[in-house]
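Colleague:
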Amino acid sequence: MSAPLSYDTVVSERRQLLQTIITPETSLVGYIYPHTPLELFFAHHLTPTLLWADHKTSGAYEASLQTFCCAYSRNLFSQRAKEQLPKLSAIAFPGGTCDSLQNLGDVWRARFHEDTVLRLTYPVARDEAAITYLTEELRGFSNHLEVTFGSKFSIDKYREAVALTAEFRAAAQFIVAARIFQPSIYPYPEYAKLIRQFFTAPGPHTLQQVEQVASEVQHELRTNQLIPSAEALRYGLLKGQIPELTATPERKGPRIVVVGGMIDPEGIAVLFENAKINAEVEEAQIVLDILSFSFRTVFHPPSNLQGDPFHELAQSIISAPAEPTQEGLPDRLHFLEVIFDKLKIDGLIIAEHSFCDPDQFEIPDMLKIAEKKKVLTVRLPLDPEFSDRARIEGRLQSFFETLSVKR
Amino acid sequence: MSQKTTTEPPKEKAYRKLYTSKLLRETMTLHILSTKTASQNGRLVWVTSGFPVEIPVAFDTVAAYPEQYGAIVGSEKCGPLLCGFAEELGFSQELCSYARSSIGSVKKPEQSPLTGLPIPQALLACNNICGTVLGWYEAVSEMTGAPVYLVDTPPLEGDQPPHHLAYVKSNLEGLITFMSETFNQPYDEEKLLQVADLSNTAVNLWTKSLEACKNKPSPLNCADRFLSMAPIVALRGTQQAIDFYQAFYGEVKERVKQGLGAIREERVRLLWDNIPPWFTIYNFFNTLAKKGVVFPADSYTHAWSANIPRGEALESIAQVYSKIWLNKGLSAKIDKMCNLIKDYELDGFVLFSVRSCKRYSLGQMVTKEVITRRTGVPGVIIEGDMVDSQQYNEAQAETRVDALLEMIL
Ligand code: SF4
Ligand code: SF4
């Protein structure tokens, strides 16, 4: 029996990792929205770091935000109020995504005058007009970065960053596709950790780790002659499609998909692995997640280096798999239905942050599809502090038990 | 038992009822009937309160407002029931109760007030009021099969840059195409300009009525405005709205002329922030009226105050609907409220923290501090919801407002 995973370890590793990239010259910019254009920050000699929720930080928001602000926003605010965020030169909020974050940015400005609060506003639509709009937003944002930090947009730094993110994504996409065929090839918690490491400290060091894993996975797949199948799947996923699988996926235990928005993949991994141990169904595997900080950012298409950088960045952001804050619910539901049909899925975990409207509006329709496709579901209302952890693990445990009976 | 020999005159109520409330009822009843006919004729749209309704009106469709329906559900005190129907479908109890009650009424119209809103042929949302409307309308679309069109108006910080205007305008052009195709009718710009003129006339009458509340005593109280805003929300761009607001403004002017206030004895003038608790709207404001408290201004009913300038129709509409202050963030809201306090000579303010509505409510703690710092008047936050009465604690609200009154009186 494997040892239970600890979320404490996850959090302390994040902090340590960040230390490794900080030098006296590093200007660290914290960001929140999954599709924030990292390349733009690098182009201005800034280092972007994703601000994760921290399960150990709670409270300290009550004098500024009501409890019905989403759990993720509350947690970030608490981290700042308790001075537990890394030392940041600025924090970048998104505009136009959800009501909680829209207000969080405003409240942050009012409460922490000393912070440099940036805002990049995104369109909700996903058409050509949205790309044109976002292009100009990015251009304006770049000018703002130049004025704020006195560092001009460097085309060389931009190109380097595009290469960095493209290489990371290509490697991570391959691991995702490989895991769909053979989830045991690389455990989900390890995958989630790789993702976290890169978005916490994006750079050659964390890229190398992902590429190393991708190459080991490739080696193993070669033995099973699964590389062409995995590549075909990866290209399909990049276009938002799932082709017919050309090989039979591994089925040692129940095959599970996780869906949700801005949920921490490592948090899910911890809950999942521990509940598996308790339910004694060690062979159950998360074969795919559709989470904002994982699938949706990993399958974000690369920017083209040929054209206007702002236009190319906008194009890649708008073409990434849609967030629940964007238009396109019918497409997202159809995608889920195809996943059920083609990826031999037994169970669906729906994770939602408490008071997250975008997630919560989609869930009933997801449940309907799962029911239609006879996929067993469990719904996990989460807050980053896992304040209801025992109940959540209990729910997962009975989910696993029902899955075992079904099989 | 002794029998009374003298008849005492009936005790005067603390508030004065508007005689145009009868016309309001008739206007809205006719509107409700027209939405039913329109649905049968395949010409009903559902729109959000901040939607540029002039466009669907110019396409001869009738607009129904689910938010207004939510207000009816709240007033009829069946919020928990209808929200419960949505929760049975899996919609979280944490979602906006306007959304939940409308979803609940689509699910079980037979158990809903007015048998629910008639089924629409299109769902038209504009996110200048909040991000919630997209998820809500997409969910209703899944239930009814009616397509959604979103007019995307990204939140503004400061002035509207040209690319923002161009983007919203292109969304409106998309809306024109969507309406032409869905309702099989060509676009007529001249007609849109005529509708915009009608809309402006109604908005002007409404704005003048609101501004009349700067007078002491104030001719209108909060509940008067919240109830009378129905046509400005639902019938903007039609002659019916103008007819109603002419009569309404006439009554307001008359009250001002005669020095008649909305309440008999005006002692304290407060600002109200946010949607009201519909299920207790009379009780809440009339109880305070008895203590001499009137609300001459609020942040909500002033949202429909912009005129569409004559000019290129879509560009003008894009400007007006992008720049409503609700789409401009917390500092614009605070500025607006400070100005209302100054212009209407208010003694304090009540911020209603509506659990349903993250867009308007989050930020109220900061708002309270900043307004007091800037204006010197005290304020209080009370908590609850506009439709879901289970989220409202009347005694707690009363205690907090009483504490505010103690500071003022
Ligand atoms: S999308 Fe959901 S979880 Fe993310 S910030 Fe918004 S409300 Fe919170
Ligand atoms: S969230 Fe607020 S603004 Fe949006 S529909 Fe609900 S009550 Fe209205």
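Chains as they are written, first to last, in the numbering used here: chain A, 10 to 416; chain B, 254 to 662. The C-beta atom is built at its ideal place from N, Cα and C for all residues, glycine as well.
Just verifying my parser: in three-state terms, what is the DSSP assignment at Leu283(B)?
Modeller: Taking the first residue of the second sequence as 1, we reach residue 283(B) at position 30. Helix at Leu283(B).
Colleague: Between which residues of its own chain and Ala650(B) is the CB-CB distance below 6 Å, once the five residues before and five after are set aside?
Modeller: The count along the second sequence starts at 1 and reaches residue 650(B) at position 397. Answer for Ala650(B): Ile635, listed in chain order.
Colleague: Hey, how far is the Cα of Leu385(A) from the Cα of Glu289(A)?
Modeller: Along the first sequence, read from residue 1 onward, the residue named residue 385(A) stands at position 376. Along the first sequence, read from residue 1 onward, the residue named residue 289(A) stands at position 280. Leu385(A) and Glu289(A): Cα-Cα distance of roughly 18 Å.
Colleague: Could you name the residues of chain B that Ala72(A) contacts, counting a contact when the two beta carbons are closer than 8 Å?
Modeller: To locate residue 72(A), count along the first sequence from 1; it is residue 63. Here the neighbours are Met618.
Colleague: Looking at C-beta atoms only, is the number of pairs between the segment 185-203 of chain A and the segment 319-331 of chain A that lie closer than 8 Å three or more?
Modeller: no
Colleague: Can you list, in chain order, the residues of its chain whose CB lies under 6 Å from that of Val401(B), leaving out five sequence neighbours each side?
Modeller: Sequence index remark: in the second sequence, residue 401(B) carries index 148 (1-based). So the qualifying residues of the chain are Leu376, Tyr390, Glu391, Ser394.
Colleague: Which whole-angstrom value describes the C-beta separation of Leu370(B) and Ala317(B), a residue pair presumed to lie in contact below a C-beta threshold of 8 Å?
Modeller: The residue you call residue 370(B) lines up with position 117 of the second sequence. The residue you call residue 317(B) lines up with position 64 of the second sequence. Confirmed, about 5 Å.
Colleague: Can you give me the Cβ contacts of Met10(A) inside the same chain, cut-off strictly under 8 Å, excluding the 5 residues immediately before and after it?
Modeller: Within the first sequence, residue 10(A) is the residue found at index 1, counting from 1. Note that Met10(A) scores a pLDDT of 42, beneath 50, so its modelled location is shaky and nothing firm can be said.
Colleague: Considering Val573(B), what are the terminal residues of the alpha helix (DSSP H) in which it resides?
Modeller: Position 320 of the second sequence holds residue 573(B). Unbroken alpha helix (DSSP H) run through Val573(B): 566-575.
Colleague: So, with DSSP's three-state summary, where would you put Asp551(B)?
Modeller: Counting from one through the second sequence, the residue named residue 551(B) turns up at place 298. If DSSP states are grouped into helix, strand and coil, Asp551(B) belongs with the strands.
Colleague: Consider the Cβ of Met10(A): report whether some Cβ of chain B lies at a distance smaller than 8 Å.
Modeller: The count along the first sequence starts at 1 and reaches residue 10(A) at position 1. Because the pLDDT at Met10(A) is just 42, under 50, the model does not fix this residue reliably, and the point stays unresolved.
Colleague: Note down the Cα distance separating Tyr81(A) from Asn424(B), rounded to an integer number of angstroms.
Modeller: Locating residue 81(A) in the first sequence gives position 72, counting from the first residue. Locating residue 424(B) in the second sequence gives position 171, counting from the first residue. Their Cα atoms are separated by approximately 31 Å.
Colleague: Kindly indicate the opening and closing residues of the alpha helix (DSSP H) around Leu203(A).
Modeller: On the first sequence, residue 203(A) is found 194 positions in, with the first residue counted as 1. Unbroken alpha helix (DSSP H) run through Leu203(A): 197-209.
Colleague: Indicate whether at least one CB of chain B lies closer than 8 Å to the CB of Pro132(A).
Modeller: Within the first sequence, the letter at position 123 stands for residue 132(A). Taking Cβ atoms only, chain B reaches closer than 8 Å to Pro132(A), which makes this a yes.
Colleague: My output table needs one value for Tyr268(B): the three-state DSSP class, helix, strand or coil.
Modeller: Counting from 1 along the second sequence, the entry for residue 268(B) is found at position 15. Tyr268(B): strand per DSSP, three-state reduction.
Colleague: Which same chain residues, not among the five before or five after Ser609(B), have their C-beta less than 6 Å away from its C-beta?
Modeller: Counting from 1 along the second sequence, the entry for residue 609(B) is found at position 356. Same-chain partners within the cutoff: Cys349, Ser350, Asp638.
Colleague: What alpha helix (DSSP H) runs, 4 residues minimum, are completely inside the segment 380-440 of chain B?
Modeller: The qualifying runs are 385-397, 415-436.
Colleague: Which chain A residues are close to Ser606(B), counting only those with a beta carbon under 9 Å from its beta carbon?
Modeller: Position 353 of the second sequence, counted from the first residue, corresponds to residue 606(B). For Ser606(B), the chain A residues whose C-beta falls within less than 9 Å of its own C-beta are Gln75, Phe77, listed in chain order.
Colleague: Could you compute how far the alpha carbon of Leu352(A) sits from the alpha carbon of Phe281(A)?
Modeller: Mapped onto the first sequence, residue 352(A) falls at position 343. Mapped onto the first sequence, residue 281(A) falls at position 272. Their Cα atoms are separated by approximately 20 Å.
Colleague: Could you check where the alpha helix (DSSP H) with Thr652(B) kicks off and where it finishes?
Modeller: Residue numbering aside, residue 652(B) sits at position 399 when the second sequence is read from its first letter. Its alpha helix (DSSP H) spans residues 647-661.
Colleague: Take the Cβ of Leu314(A) as the centre, count every other Cβ of all protein chains shown within 10 Å, and call the residue buried at 16 or more, exposed below.
Modeller: The count along the first sequence starts at 1 and reaches residue 314(A) at position 305. Its Cβ having fewer than 16 others within 10 Å, Leu314(A) is exposed.
Colleague: Using a Cβ-Cβ cut-off of 8 Å (strictly less than) and excluding sequence neighbours within five positions of Leu247(A), which residues of its own chain qualify?
Modeller: Against the first sequence, residue 247(A) aligns to sequence position 238. Here the set comprises Gln182, Phe308, Pro310.
Colleague: Please go through the same chain and pick out, in chain order, the residues whose beta-carbon is closer than 7 Å to the beta-carbon of Thr230(B), but skip the five residues on each side of it.
Modeller: The first residue shown for chain B is 254 and the last is 662, placing residue 230(B) beyond what the model contains.
Colleague: Does Glu659(B) pass the burial test, meaning 16 or more other C-beta atoms within 10 Å, or should it be called exposed?
Modeller: Here residue 659(B) corresponds to residue number 406 of the second sequence, with the count starting at 1. The residue is exposed, with fewer than 16 neighbouring Cβ atoms inside 10 Å.
Colleague: Within the continuous alpha helix (DSSP H) that includes Glu380(A), where are the two ends?
Modeller: Along the first sequence, read from residue 1 onward, the residue named residue 380(A) stands at position 371. From DSSP, the alpha helix (DSSP H) with Glu380(A) extends over 366-381.
Colleague: Taking DSSP as the reference, what is the three-state secondary structure of Phe302(A)?
Modeller: The count along the first sequence starts at 1 and reaches residue 302(A) at position 293. Note: Phe302(A) maps to coil in three-state DSSP.
Colleague: According to DSSP, is Leu314(A) helix, strand or coil?
Modeller: Along the first sequence, one-based indexing puts residue 314(A) at 305. Three-state result, Leu314(A): coil.
Colleague: What are the partner residues of Phe121(A), as DSSP defines its beta bridges?
Modeller: Residue mapping note: residue 121(A) aligns to position 112 of the first sequence, counting from 1. Looking at the DSSP output, Phe121(A) shares a beta bridge with no other residue.
Colleague: Within the same chain, show all residues whose beta-carbon is closer than 8 Å to that of Gln413(B), passing over the 5 residues directly before and after it, in chain order.
Modeller: Walking along the second sequence from the start, residue 413(B) turns up at place 160. These residues qualify, in order along the chain: Gln572, Ser575, Lys576.
Colleague: I need the DSSP call for Gln335(A), collapsed to helix, strand or coil.
Modeller: For the purposes of this step, residue 335(A) is identified with residue 326 of the first sequence, where counting begins at 1. Looking at Gln335(A) - three-state DSSP - the assignment turns out to be coil, as it is neither helix nor strand.
Colleague: Counting pairs of Cβ atoms below 8 Å between the segment 598-609 of chain B and the segment 444-454 of chain B, do you hit three or more?
Modeller: No, because fewer than three Cβ pairs between the segment 598-609 of chain B and the segment 444-454 of chain B fall closer than 8 Å, the two stretches do not touch.
Colleague: Report yes if the C-beta of Thr106(A) is less than 7 Å from at least one heavy atom of ligand 1; otherwise report no.
Modeller: For the purposes of this step, residue 106(A) is taken as the residue at position 97 of the first sequence. Under cutoff, so the answer is yes.
Colleague: Between Leu335(B) and Ser345(B), what straight-line distance do the alpha-carbon atoms span, to the nearest angstrom?
Modeller: Position 82 of the second sequence, counting from 1, holds the residue named residue 335(B). Position 92 of the second sequence, counting from 1, holds the residue named residue 345(B). Distance between the alpha carbons of Leu335(B) and Ser345(B): 13 Å.
Colleague: Closer than 8 Å, CB to CB, is Glu275(A) near chain B or not?
Modeller: By 1-based counting over the first sequence, the position of residue 275(A) is 266. Not closer than 8 Å to any Cβ of chain B, the Cβ of Glu275(A) fails to qualify, so no.
Colleague: From the DSSP output, which residues share a beta bridge with Ser606(B)?
Modeller: In the second sequence, residue 606(B) corresponds to position 353, counting from 1. Paired residue(s): Glu636(B).
Colleague: Between Trp389(B) and chain A, is the shortest Cβ-Cβ distance under 8 Å, so that the two count as touching?
Modeller: Counting from 1 along the second sequence, the entry for residue 389(B) is found at position 136. With 8 Å as the cut-off, Trp389(B) counts as an interface residue toward chain A.
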